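Sequences listed follow chains G and L, in order. Under our numbering, the first residue of the first sequence carries the number 6, and numbering increases by one thereafter. Under our numbering, the first residue of the second sequence carries the number 6, and numbering increases by one thereafter. Backbone N, C-alpha and C define an ideal beta-carbon position, used for all residues, glycine too. Just so it is clear, the structure is predicted and the values come from calculations on it, not from any experiment. Reviewing the structure listed below.
Number of protein chains: 2
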Amino acid sequence: MLEKIDLNVTMDKKTCKKAMEEAGARLSVLQRECKAAGIPVMIVFEGMGAAGKGTQINHLIQYLDPRGFDVYACNRSTEDEQLRPFLWRYWTKTPAKGRIAVFDRSWYRSVLVDRFDGLVPENQVSNAYQDILCFERQLTDDGTVIIKFFLYIDKKEQKKRFRKLSESKETAWRVTPEDRERNRHFARYQQITEEMLEHTDTEYCHWTIVEAVNREYAAMKIVSAVADRLAWELEARKTDQAAPQNRGNYSPSGDRFKNGVLSGIDLSKSLTEAEYKEKLKHLQARLEQLHSELYRLRIPVVLGFEGWDAGGKGGAIKRLTSHLDPRGYRVCPTSAANDIEKVHHYLWRFWNNVPKGGHIAIFDRTWYGRVMVERIEGFCTEAEWKRAYQEINEMEAHMANSGTVVLKFWLQIDKDEQERRFKDRQANPAKQWKITDEDWRNRAKWDVYEEAVNEMLVRTSTTYAPWIVVEGNDKHYARVKVLQTVVDALEKKIREVKEK
Amino acid sequence: MLEKIDLNVTMDKKTCKKAMEEAGARLSVLQRECKAAGIPVMIVFEGMGAAGKGTQINHLIQYLDPRGFDVYACNRSTEDEQLRPFLWRYWTKTPAKGRIAVFDRSWYRSVLVDRFDGLVPENQVSNAYQDILCFERQLTDDGTVIIKFFLYIDKKEQKKRFRKLSESKETAWRVTPEDRERNRHFARYQQITEEMLEHTDTEYCHWTIVEAVNREYAAMKIVSAVADRLAWELEARKTDQAAPQNRGNYSPSGDRFKNGVLSGIDLSKSLTEAEYKEKLKHLQARLEQLHSELYRLRIPVVLGFEGWDAGGKGGAIKRLTSHLDPRGYRVCPTSAANDIEKVHHYLWRFWNNVPKGGHIAIFDRTWYGRVMVERIEGFCTEAEWKRAYQEINEMEAHMANSGTVVLKFWLQIDKDEQERRFKDRQANPAKQWKITDEDWRNRAKWDVYEEAVNEMLVRTSTTYAPWIVVEGNDKHYARVKVLQTVVDALEKKIREVKEK
Chain G
6 MLEKIDLNVT
16 MDKKTCKKAM
26 EEAGARLSVL
36 QRECKAAGIP
46 VMIVFEGMGA
56 AGKGTQINHL
66 IQYLDPRGFD
76 VYACNRSTED
86 EQLRPFLWRY
96 WTKTPAKGRI
106 AVFDRSWYRS
116 VLVDRFDGLV
126 PENQVSNAYQ
136 DILCFERQLT
146 DDGTVIIKFF
156 LYIDKKEQKK
166 RFRKLSESKE
176 TAWRVTPEDR
186 ERNRHFARYQ
196 QITEEMLEHT
206 DTEYCHWTIV
216 EAVNREYAAM
226 KIVSAVADRL
236 AWELEARKTD
246 QAAPQNRGNY
256 SPSGDRFKNG
266 VLSGIDLSKS
276 LTEAEYKEKL
286 KHLQARLEQL
296 HSELYRLRIP
306 VVLGFEGWDA
316 GGKGGAIKRL
326 TSHLDPRGYR
336 VCPTSAANDI
346 EKVHHYLWRF
356 WNNVPKGGHI
366 AIFDRTWYGR
376 VMVERIEGFC
386 TEAEWKRAYQ
396 EINEMEAHMA
406 NSGTVVLKFW
416 LQIDKDEQER
426 RFKDRQANPA
436 KQWKITDEDW
446 RNRAKWDVYE
456 EAVNEMLVRT
466 STTYAPWIVV
476 EGNDKHYARV
486 KVLQTVVDAL
496 EKKIREVKEK
Chain L
6 MLEKIDLNVT
16 MDKKTCKKAM
26 EEAGARLSVL
36 QRECKAAGIP
46 VMIVFEGMGA
56 AGKGTQINHL
66 IQYLDPRGFD
76 VYACNRSTED
86 EQLRPFLWRY
96 WTKTPAKGRI
106 AVFDRSWYRS
116 VLVDRFDGLV
126 PENQVSNAYQ
136 DILCFERQLT
146 DDGTVIIKFF
156 LYIDKKEQKK
166 RFRKLSESKE
176 TAWRVTPEDR
186 ERNRHFARYQ
196 QITEEMLEHT
206 DTEYCHWTIV
216 EAVNREYAAM
226 KIVSAVADRL
236 AWELEARKTD
246 QAAPQNRGNY
256 SPSGDRFKNG
266 VLSGIDLSKS
276 LTEAEYKEKL
286 KHLQARLEQL
296 HSELYRLRIP
306 VVLGFEGWDA
316 GGKGGAIKRL
326 TSHLDPRGYR
336 VCPTSAANDI
346 EKVHHYLWRF
356 WNNVPKGGHI
366 AIFDRTWYGR
376 VMVERIEGFC
386 TEAEWKRAYQ
396 EINEMEAHMA
406 NSGTVVLKFW
416 LQIDKDEQER
426 RFKDRQANPA
436 KQWKITDEDW
446 RNRAKWDVYE
456 EAVNEMLVRT
466 STTYAPWIVV
476 EGNDKHYARV
486 KVLQTVVDAL
496 EKKIREVKEK
């Protein structure tokens, strides 16, 4: 999830300040209403070292009535705490009805810092996840609202902040040797974090990832998110929307995906004809070799292709398969579900095409239709597409756990490029069949699609099944990037299998 | 869960046959209705070897229209199946809307037989559980009804059946060397089974444990259970009770707990005064030694006491603590929740009393109030007590995982004995305070309580936190049994810790 976060997100200072003040004013009122309604609230701050958890908590609580909240700094557990089950210190701090408990670090210690520092042995990690999930489910079932923030900065920014803190005597003590260690091994810490987010971003208890480089922006996002969540909860309790069984119905304001991954893509990337031919030839030959290695090692491969209409999926798939042994791969095109498919679970038809060891299954459009076209066109209910993110992650995790390489490509073009291509197709008798009225209709919904795609990319890009956003305005560049990514991933997997 | 199953359950032949025919007739109609309603149904048969899965499936399907179901025998996976993620073979067999799929063994292979036979390595087991839970949740969320039976026989019965099968040439092939191996290591297989039941008896997908020694009784129970479940589902779909968020609302007919654990207890067990004194002295001395070992090894201990009013909890606790160092234990009496406790999660107050390493916490009445008095008196909603079984199991698992010894005692007396004791108390000025009108009121509800207790004992007796039913009519016997059980459990734990 983290690699799809745009840390350069900005907002002009004035707008940001205004939004912050507006949200803060709402929050003050909402706190009183929650108190009256007897809602217990837990707000969790986790994040990279020096991401500004303390500062952000300060921003937040200035809008709260101090008689109604407690802040708990959860440092390394004391000797006394270590003598008890690790959830004990958090259970005893769960807020009474109507109160707010703010946690500066939390029960996530055990799967983040404490795990990294070696205080929680690796064979205990999976138990700890289980315990955390139970803890949050039990509390939310009982009516507690849990709001979780992960404050994210990258290695460079962290190093810069550590350096700045170290320069002054007043603040130098705040940078511990462990902090430096975590910065040195940032990639490992980030991987642990990714795993944590994947395991614990549940439908009843979402993570909000906060781009914490810009402090004002982060503060505004946090205060707004808390206010939005509480407002929803209060409204929901008027009907039975907030009953335990409906707890999955809340989703953070759609707005947060308006300026998402796709807006940060550099579509000017391109290759000359000569570069393209040279690279293509080399990569296709390499892929051919790898394909037979895959076969010998019985490694299954799943490649999913999604993208805008006319984004170049077909062309990329063609370059991918042209040198492959046709007995060892299969292209599975996905169109609207047929009668048989309609009377099964939406994932059933894809399960039927799961490749066996040594084979490559290439999906031209995929199960992600659930959270794009089905979501937008209303072919499934809101509850259905909302739970689909988790279902899809679980399916891909199951494949990856059984040794499958899973890669997903999003072929990105801009709106102008799409128009050019649509018009080309209409003008070319051999390609006219590729363009229908529906394509133009979908195009009209570009913005809603973009929002849905942004959400999809963040919520389903996992360490075990990453999304690769391909800059597709230049077809040559796009095809080479796809091939290169596949070759790299297969080489890595083959190396891992051989090392075992 | 298994040790609380009464394999000697009987029913007279005629009643049983009549119940079977009635359920079968209902089932035929229900199948048609489910087809019309487009409900996909999966029926899973798991069980000990030779428990009669095949026979029972035959009984069941004779009531079904053969055009509407498929039976899948799930043997060891083929080479082709092994080349894919293990859920693939089951996903592809999920039934279309309106159809029934019957599984003779199932996806549970991977955590039962295949695990026992070493085909699934131990470090993959926890992943397999995760995958199974996701699989069932995804399908039930989508409207599939999954009904799971576990056919249980004990070691002796299994051996007998194997012997009988081996005697004839026609059936001898059915007993494989693996079967014999599993019989030889029955305890280990049973433990694996217990673990499976604990992990996968979810609110949306219950296990029905079938006492399979008496085949007619088993058949009747299975056919009735399927009919009941389908009838509920059809009814529920008329409102929104069957929506994914309400999937936990179904619970198997309460009747199944009417003749439960408690009816099989031998209350005539007793000790003479001399035996009692001798044993008590010895056990108390031993417990004192163990207490200091606990302290040195930092092992926490949780002992929970429940039982009928006047069942002897107080007396047993007194004998337990009389020789212990008071700095190392604490008795936590549980009465109705106070104002502070009421505004927290019902488990919060018990979390506050979780003992630290080396200490013993003795709970006089416990968190099980949720599924007894709170259930029966309507102090919590049906949804709340129904999900409490899982919540409690999770809490105890968390304690056990962190090294805590968890034991729960149910002090059982019969109704006459209770009356005698109540009257004794009323007649004794020193004990009059112990008996109130409420006790008499509760006594009037003996039968509903008994059913609730039976359900509780089955659903929350786990390998990591077992229930011990104590025959309590003779106080001497009861006290010694409690002490002996605690001493044995502590000795075992101390041995384990030392061996590590």
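Asked	Found
With a threshold of 8 Å between beta carbons, is Asp147/L in contact with chain G?	yes
Looking at chain G, is there any beta carbon in it that lies within less than 8 Å of the beta carbon of Pro90/L?	yes
Starting from Met404/G, find everything on chain L with Cβ-Cβ shorter than 7 Å and list it in chain order.	Pro90
Does DSSP put Glu208/G in a helix, a strand or coil?	coil
Enumerated in chain order, which unbroken segments of the beta strand (DSSP E) with a length of 3 residues or greater are wholly contained in the region 119-199 of chain L?	150-157
Could you tell me whether any Cβ in chain B is nearer than 8 Å to the Cβ of Cys21/L?	Structure shown: chain B not included; protein chains present are G and L.
DSSP state of Gln417/G, grouped into three classes?	strand
Quick one: does Ser111/L have its CB under 8 Å from some CB of chain G?	no
I'd like the span of the alpha helix (DSSP H) that includes Ile345/G, first residue to last.	344-347
Please identify the residue among Asp17/L, Thr60/L, Tyr454/L whose C-alpha is closest to the C-alpha of Leu267/L.	Tyr454/L
Could you check the C-alpha separation between Ile418/G and Lys428/G for me, to the nearest Å?	15 Å
Using CA coordinates, which residue listed in Arg500/G, Lys160/G, Asn358/G, Ala402/G is at the minimum distance from Thr467/G?	Ala402/G
Return the bridge partner residues of Glu476/L from the DSSP annotation.	Gln417/L
Under the three-state reduction of DSSP, which class applies to Gly312/L: helix, strand or coil?	strand
Check whether the Cβ of Lys361/G lies closer than 8 Å to any Cβ atom in chain L.	yes
Along the chain, where does the alpha helix (DSSP H) that runs through Val458/G open and close?	451-465
Given Ile66/L, which residues of its chain have a CB within under 8 Å of its CB, disregarding the five upstream and five downstream residues?	Phe74, Val76, Val107
Do the CB positions of Leu144/G and Ala56/G come within less than 8 Å of each other?	no
What span of residues does the beta strand (DSSP E) with Met47/L cover, start to end?	46-52
Quick one: grab the DSSP three-state call for Phe384/G.	coil
Give, in chain order, every residue of the region 386-397 of chain L whose Cβ lies closer than 9 Å to some Cβ of chain G.	Ala388, Glu389, Arg392, Gln395, Glu396
Can you tell me where the beta strand (DSSP E) holding Phe108/G begins and where it ends?	105-109
Quick check on Thr213/G: does DSSP put it in helix, strand or coil?	strand
With a threshold of 16 other CB atoms inside 10 Å of the CB of Ile151/G, please say whether the residue is buried or exposed.	buried
Are the C-beta atoms of Leu495/L and some chain G residue less than 8 Å apart?	no
Please check if any C-beta of chain L sits within less than 8 Å of the C-beta of Ser340/G.	no
Nearest by alpha-carbon distance to Asp271/G: which of Asn80/G, Asn478/G, Leu7/G is it?	Asn478/G
Pull up the distance between the alpha-carbon of Gly312/L and that of Gln423/L, whole angstroms please.	11 Å
Evaluate Ile345/L with the Cβ neighbour count: other Cβ atoms within 10 Å of its Cβ, from every protein chain shown; 16 or more gives buried, anything less gives exposed.	exposed
So within the region 60-101 of chain L, which uninterrupted beta strand (DSSP E) runs reach at least 3 residues, ignoring any that extend past its ends?	74-78
Between the beta-carbon of His364/L and the beta-carbon of Gly333/L, is there less than 8 Å?	yes
Could you check how far apart the C-beta atoms of Gln289/L and Ser229/L are, in whole angstroms? I think they sit under 8 Å.	Actually they do not touch by this definition, with Cβ atoms about 49 Å apart.
Taking Thr97/L as the query, report the chain G residues whose CB atoms sit under 8 Å from its CB, ordered along the chain.	Trp353, Trp356, Asn357
Note down, in chain order, each residue of its chain lying with its Cβ closer than 6 Å to the Cβ of Lys497/G, except the 5 sequence neighbours on either side.	none
Starting from Gly34/L, trace the beta strand (DSSP E) in both directions and tell me its first and last residue.	Checking the sequence, you will find Val at residue 34/L rather than Gly. Careful: Val34/L lies outside any beta strand (DSSP E), inside the alpha helix (DSSP H) at 18-42.
Where does Ala241/L sit, in a helix, a strand or coil, going by DSSP?	helix
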